[in-house]
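Here you go:
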């Protein structure tokens, strides 16, 4: 790590420590000395990874919070890209997505991520324009990448959730099961928990479109295990999708009831969720 980065880390740590009313002696202990901390804050030395983690914990921050502060409280590029894609897709703005495709090219220094980010935009374009071509080698590229990463992070969840439509049935189901199994160790992380819920909802929707009802029910059960009383969006969507399954399989729920549910969600002051459910209902009934 270069001297400038060391200085930035140390300066940030000092600012966060002082903001919490802590002195160097309050952070120092058996693992860290006051001298080590002082030199780190002044950019003279860098702490080893294990000592940096201890120091961050001593000022009552998580490592992800510290990293967010170091990044000037800005979201990672792929999250910003995902939001831009979602907004343009919701407006059916094909030209906007094509413009986004041009702006994304070459943004990443590592070519693999550059290709994957481009593919996310291409998948969104393909969903709006059936004539837009995604090459087989591009499908294989993202499939191989997802199979090759053992420990999925939020980036892989984001990627999986946004490229499901171009995965084969077998790959979608296999990777979905792998995602559920691997994700158990991350669910205690609040931000990851929300991303995992959205990924699972997307997985259920994708399998519903393909009429893979056995696996739809399997992943519904898995999503239900993730939910708690705070997860109103995912709970509402899951409740609605269960009724959709009942309508599609044995007609034990009437279409009018589904439409009434959407109206009730609108009346309760959440038109955005109602619109999402309405759009997906129309897609599933096609």
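Numbering (the working numbering), first residue to last: 29 to 314.
In this text, a Cβ means the ideal position worked out from N, Cα and C, and glycines have one as well.
Alpha-carbon to alpha-carbon, residue j and residue i
i, j, result
"residue 8", "residue 246", "The question about residue 8 has no answer, for the chain in this structure spans 29 to 314."
"residue 157", "residue 166", "17 angstroms"
"residue 39", "residue 80", "13 angstroms"
"residue 121", "residue 256", "35 angstroms"
"residue 204", "residue 172", "14 angstroms"
"residue 142", "residue 175", "18 angstroms"
"residue 295", "residue 269", "19 angstroms"
"residue 62", "residue 242", "60 angstroms"
"residue 249", "residue 239", "17 angstroms"
"residue 92", "residue 84", "10 angstroms"
"residue 199", "residue 299", "34 angstroms"
"residue 278", "residue 286", "15 angstroms"
"residue 4", "residue 43", "Within the shown structure, residues of the chain are numbered from 29 to 314, placing residue 4 beyond reach of any answer."
"residue 82", "residue 102", "24 angstroms"
"residue 57", "residue 78", "14 angstroms"
Cβ neighbours of residue i in the same chain (closer than 7 angstroms, five flanking residues each side left out)
i, result
"residue 301", "261, 264, 293"
"residue 237", "311, 312"
"residue 70", "38"
"residue 106", "145, 183, 186"
"residue 29", "Low per-residue confidence applies at residue 29: pLDDT is 48, beneath 50, and the placement is therefore not dependable, though the value from the model is reported in the following sentence. Answer for residue 29: 74, listed in chain order."
"residue 177", "184"
"residue 306", "290"
"residue 259", "225"
Cutoff 8 angstroms; reference residue i; Cβ partners in own chain excluding five residues on either side
i, result
"residue 304", "265"
"residue 118", "none"
"residue 251", "225, 228, 229, 232, 262, 266"
"residue 160", "150, 153, 154"
"residue 316", "Any property of residue 316 remains undetermined from this structure, which presents the chain solely from 29 to 314."
"residue 297", "none"
"residue 53", "62"
"residue 48", "87, 88"
"residue 201", "235, 240, 243"
"residue 133", "142, 146"
Residue i: first and last residue of the uninterrupted alpha helix (DSSP H) it sits in
i, result
"residue 96", "91 to 98"
"residue 283", "283 to 295"
"residue 303", "299 to 313"
"residue 77", "77 to 86"
"residue 64", "62 to 69"
"residue 54", "52 to 55"
"residue 110", "105 to 118"
Any non-hydrogen atom of the ligand GTP closer than 7 angstroms to residue i Cβ
i, result
"residue 289", "The model on display carries no ligand, and the ligand GTP is accordingly not part of it."
Contacting residues, own chain, Cβ-Cβ under 6 angstroms from residue i (five flanking each side not counted)
i, result
"residue 170", "147, 191"
"residue 68", "38, 75"
Next on the checklist: Check whether the stretch 269 to 277 and the stretch 80 to 97 are in contact - that is, three or more C-beta pairs closer than 8 angstroms.
Outcome noted: no
Item to check | alpha helix (DSSP H) segments (min. 4 residues) lying fully within the stretch 127 to 209 | outcome: 139 to 156, 164 to 176, 182 to 191
Item to check | Validate contact between the stretch 104 to 111 and the stretch 184 to 192 using beta carbons, cut 8 angstroms, 3 pairs | outcome: yes
Next on the checklist: When you compare the stretch 129 to 136 with the stretch 96 to 104, are there three or more beta-carbon pairs, one atom per stretch, that lie closer than 8 angstroms?
Outcome noted: no
Checklist entry - Which ranges would you report for the beta strand (DSSP E) in the stretch 234 to 260 if only whole runs of at least 3 residues count? => result none
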